[in-house]
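Peer 1:
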Amino acid sequence: MHRVVVKPFGKDRFEVVKEFEVSLCGLNFIVPKGFISDGASVPRIFWSIYPPYKSEYFSASIAHDYLCQKAYSKDDYKLADKVLKEAMSELGCSKVKTFIFYHACNTFHVVKCFLKGLK
1 MHRVVVKPFG KDRFEVVKEF EVSLCGLNFI VPKGFISDGA SVPRIFWSIY PPYKSEYFSA
61 SIAHDYLCQK AYSKDDYKLA DKVLKEAMSE LGCSKVKTFI FYHACNTFHV VKCFLKGLK
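Take 1 as the starting number for the sequence shown in the UniProt record's numbering and just add one per residue.
1. Which residue wins for smallest C-alpha separation from G34, given the options Y102, V16 and C68?
2. Checking the sheet assignment: what are the DSSP bridge partners for V22?
3. Per the DSSP calculation, R3 is bridged to which residue(s)?
4. Just curious, the alpha helix (DSSP H) that F114 is in, first and last residue?
5. Please return the same chain residues whose Cβ sits closer than 6 angstroms to the Cβ of F29, not counting the five positions on each side in sequence.
6. Below 8 angstroms on the Cβ atoms is my contact criterion, and I expect V4 with I62 to pass it. Report the Cβ-Cβ distance as a whole number of Å.
7. Could you pull out every residue in the same chain whose Cβ sits closer than 8 angstroms to the Cβ of D81, ignoring the five residues on either side in sequence?
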């Protein structure tokens, strides 16, 4: 997996400056130039352990954010979470870190979909 190219955008966000091609989980998509992301959406209390901008998983976070922004159903969020998991593995993240990120995102999305009534 290639690394995403970004530049700072405002206080805590980044803008993709070069199209970012992703091929994971049988899915091929392009994160377009100009896409804005906050990196990994880690609660601030955990930033000392898992900083949101860490290059180790930043590209996976951008791909995940893009898919979540396009999600309209539980299945869309499940796929986005699977892409995050596979991307983190391909980027060489530890199995423990990948497990934590995947399950944190998946749990958040299950609750979000329940509260919004998404099917």
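Heads up, the beta-carbon is just placed ideally off N, CA and C, and yes, glycines get one too.
Peer 2: From the atom records:
1. Reading the sequence shown from its first residue, position 34 is the one you call residue 34. Per the Cα distances, V16.
2. Counting from one through the sequence shown, the residue named residue 22 turns up at place 22. V22 pairs with F29.
3. Counting from one through the sequence shown, the residue named residue 3 turns up at place 3. BP columns for R3 are empty, so no partner.
4. The residue you call residue 114 lines up with position 114 of the sequence shown. Counting along the chain, the alpha helix (DSSP H) containing F114 begins and ends at K95 to K116.
5. Start at 1 with the first residue of the sequence shown, and residue 29 comes out as number 29. Sequence-distant Cβ neighbours of F29 in its own chain, meaning closer than 6 angstroms and more than five residues away, are V22.
6. What you label residue 4 is simply residue 4 of the sequence shown in a count that begins at 1. What you label residue 62 is simply residue 62 of the sequence shown in a count that begins at 1. Contact between V4 and I62 is confirmed by a C-beta separation of about 5 angstroms, below the 8 angstroms threshold.
7. Position 81 of the sequence shown, counted from the first residue, corresponds to residue 81. Closer than 8 angstroms at the Cβ level, and outside the excluded window around D81, lie H64, Y102, C105, N106 and H109.
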